[in-house]
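Take a look at the structure set out below.
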Amino acid sequence: MSPASELTSAQREALQAARRILRPHFVGETVSLYVPLIDPQDRRARRLQVLEALAAGASVAQVACDFSITQRWVQKIRQRGEVA
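Heads up: take any position in the sequence shown, counting from 1, add 9, and you land on this note's numbering.
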């Protein structure tokens, strides 16, 4: 995470709200939060698009290029065959 001086006012407000919510439950504890770069619904939709492209006959290399992801990731999505 960027230093506090680089946070936007919206980010500072969100952190303050999170502190107010978490403080009663974690008094004196250090808590780390993970915030995914991609919203889970967006990730699911993207996986579905990759699967649809593969089902339409696109090659792994072409799908990787089209979606700006690695061929290995395309293969993993294909192997899983899931959208979860």
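All residues carry an ideal CB built from backbone N, CA and C; glycine is no exception.
Put simply, the stretch 77-92 touches the stretch 49-59. At least three CB pairs are less than 8 Å apart.
As the crow flies, the alpha-carbon of residue 21 is around 23 Å from that of residue 49. In this structure, residue 79 keeps its C-beta atom at 8 Å or more from the C-beta atom of residue 70.
Within the stretch 54-93, complete alpha helix (DSSP H) segments of at least 4 residues are found at 69-76, 80-89, given in chain order. Counted as a single uninterrupted DSSP element, the alpha helix (DSSP H) harbouring residue 24 occupies residues 18-31.
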